Amino acid sequence: MKSIVLIVGFETFNRNLYRQSGLLASSKCPDLEVKVFSDKSLTSEPEIVEQALATADVFFASLIFDYDQVTWLRQRAAQIPIRLVFESALELMSLTRLGEFAIGDKPKGMPKPIQFILSKFSSGKEEDKLAGYLSFLKTGPKLLKFIPAKKVQDLRNWLIIYGYWNAGGTENVAAMCWVIAQKYLGLKVREIPEVIGLFGNCYANN
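Under UniProt numbering, the first residue of the sequence shown is numbered 1, with each subsequent residue one higher.
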C-alpha cells in the first residue's frame, strides 16, 4: 500500500472535499491511500499526523505559513522521497522534490524564460525566491509545450500536478493523486482524466 499525506492550511472547510478526493482516488487505485489533514491537525492530533508522515511515500502541503508548524513539518517530512509543497512558507517549499526536480535546481536545456524564473530560486533574497516561485506557477503551465519532455520530465510533471491542484474540485484532486501514483509510485491507473476547467490539454497521459 502506497501512501500520500495531504496537509492543507486555511482550508478546514474543504477537508471533507479532499477526503472525498482521497476516497475517489483509492476506489480507482486500491493500492493507494490518501490521508488528509488540515493545519489544525498539527496541534489537535500531532501524534496521528506524525505517524502518517513516518510511513508516507508522498508529502503534499499547501497554504502552511505558521512558523512552528513549518518547523515541525520540516523535521518530519524531510525523509519522505516525494515532497510537493505549494503556496506555503519558503522554508517549507524548499523541501520540494519530485524525481530529479527540486526547487532551486537549474535543469539544462530549458527555454530562457524558464531558466530566468528558476534562477530566482537560487537568489539569496527571500523576496526574489517568492517572486520566482509565483512567476513560475503563473507562467510555467503556459510554457509546458516548450519544456523538453525527456530532459526535464519531472519538472513537467510538477507543473501538471500543480495544474490539477490549482483547478480544485474533487475530481481534479483525485486525478492529481492518480498522476503521482502512476508516474512515481509504480501503481497502475487505467485512465486519468484531463484537468477539468483549467489548462485543457496539459495531460497526464503524455
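Think of the CB as a built atom: it goes at the ideal place given N, C-alpha and C, for glycine as much as any other residue. None of these values were measured; they are calculated from a predicted model.
| Item | Value |
| --- | --- |
| Less than 7 Å separating the Cβ of asparagine 14 from some heavy atom of the ligand FAD? | Absence of the ligand FAD is noted for the structure shown, with no ligands found whatsoever. |
| If you run the structure through DSSP and keep just helix, strand and coil, what is glutamate 33? | strand |
| Please return the same chain residues whose Cβ sits closer than 7 Å to the Cβ of leucine 198, not counting the five positions on each side in sequence. | Reliability of the predicted coordinates at leucine 198 is poor, the pLDDT of 49 falling under 50, and the value obtained from them is presented with this limitation in mind. Cβ neighbours of leucine 198 beyond the five flanking positions: Gly163, Asn166, Ala167. |
| Express the C-alpha separation of valine 173 and alanine 204 in angstroms, rounding to a whole number. | Residue confidence for alanine 204 is low, a pLDDT of 47 falling below 50, so the modelled location carries little weight and cannot support an answer. |
| Between Ile103, Leu187, Lys2, which has its C-alpha nearest leucine 155's C-alpha? | Ile103 |
| Pick helix, strand or coil for valine 8, following the three-state DSSP scheme. | strand |
| What's the C-alpha gap between arginine 83 and glutamate 191? | 24 Å |
| Considering only DSSP beta bridges, list what arginine 15 is partnered with. | Per DSSP, none; premise fails for arginine 15. |
| Just verifying my parser: in three-state terms, what is the DSSP assignment at lysine 85? | One detail in the question is off: residue 85 reads as valine in this sequence, not lysine. Three-state DSSP puts valine 85 in a strand. |
| Measure the C-alpha to C-alpha separation of glutamine 20 and lysine 183 and round it to an integer number of angstroms. | 22 Å |
| Do serine 44 and arginine 15 have their beta-carbon atoms positioned less than 8 Å apart in this structure? | no |
| Have a look at the DSSP bridge pairing and note the partners of valine 58. | Ile4, Ile82 |
| Using a Cβ distance threshold of 8 Å, determine whether the region 20-30 contacts the region 77-95, with at least three qualifying pairs required. | no |
| Run through the DSSP bridge pairs and tell me what alanine 102 is partnered with. | Arg97 |
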